[in-house]
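Numbering (the UniProt record's numbering), first residue to last: 1 to 203.
Just below is one structure, and these are the notes that go with it.
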């Protein structure tokens, strides 16, 4: 609820009077907790785990873990990290290479345990997280001065990723600066391309 209220207060949700009343009722309901239903025009990608997890990873970055051997390494400080025994990702298969997390605590055994983890695709990290440098000659995407590196198989894929990343970042930046400003037709097309790619990745 706090997140929804913050988004609405920032102007990213344009609610009609009835919706505002429903949000305030849920917000100030006290012990009689009530739910608020996100308007359909904003609830576009909630059914896509790939997109939801990508947005979470982008929001929490650099709170990111990368698989290292049988364990995990904190991208922010190179610290070895384990997943809390209750984590749904504790027994994740080896194909899962990246996890975003909410916080890390040191356990009684002095191990650092990550909590509230989400799987994230490497494509989403390359597209959205940090300051990305696209090195066309070497075929490498470097994020935050080599904190994260991805190899790209060919120059066409690298160029497409570079252009899409720049367009999406520009759209996000503009939306945060002026939430009430509607996207242009070309910007809407770029967002549709982004959504189509993530849909394909999830299949």
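Using N, Cα and C, we set each Cβ at its ideal position, and we do this for glycine too.
Residue i burial status per 10 Å Cβ neighbour count (16 or more: buried)
{"i": "residue 61", "result": "buried"}
{"i": "residue 80", "result": "exposed"}
{"i": "residue 105", "result": "exposed"}
{"i": "residue 121", "result": "buried"}
{"i": "residue 63", "result": "buried"}
{"i": "residue 72", "result": "buried"}
{"i": "residue 143", "result": "buried"}
{"i": "residue 136", "result": "exposed"}
{"i": "residue 148", "result": "buried"}
Coil, strand or helix - residue i by DSSP
{"i": "residue 4", "result": "helix"}
{"i": "residue 64", "result": "strand"}
{"i": "residue 149", "result": "strand"}
{"i": "residue 174", "result": "helix"}
{"i": "residue 142", "result": "strand"}
{"i": "residue 124", "result": "helix"}
{"i": "residue 135", "result": "strand"}
{"i": "residue 185", "result": "helix"}
{"i": "residue 13", "result": "coil"}
{"i": "residue 165", "result": "helix"}
{"i": "residue 59", "result": "helix"}
Supposed contact pair residue j and residue i - C-beta distance, whole angstroms, cut 8 Å
{"i": "residue 118", "j": "residue 76", "result": "The pair is not a contact, with the Cβ atoms about 16 Å apart (cut-off 8 Å)."}
{"i": "residue 53", "j": "residue 82", "result": "Not quite, the Cβ-Cβ distance comes to about 21 Å (not below 8 Å), so this is no contact."}
Continuous beta strand (DSSP E) stretch holding residue i: start and end
{"i": "residue 104", "result": "103 to 106"}
{"i": "residue 80", "result": "80 to 83"}
Residue i and residue j closer than 8 Å at C-beta
{"i": "residue 51", "j": "residue 198", "result": "yes"}
{"i": "residue 132", "j": "residue 126", "result": "yes"}
{"i": "residue 152", "j": "residue 161", "result": "yes"}
{"i": "residue 10", "j": "residue 23", "result": "no"}
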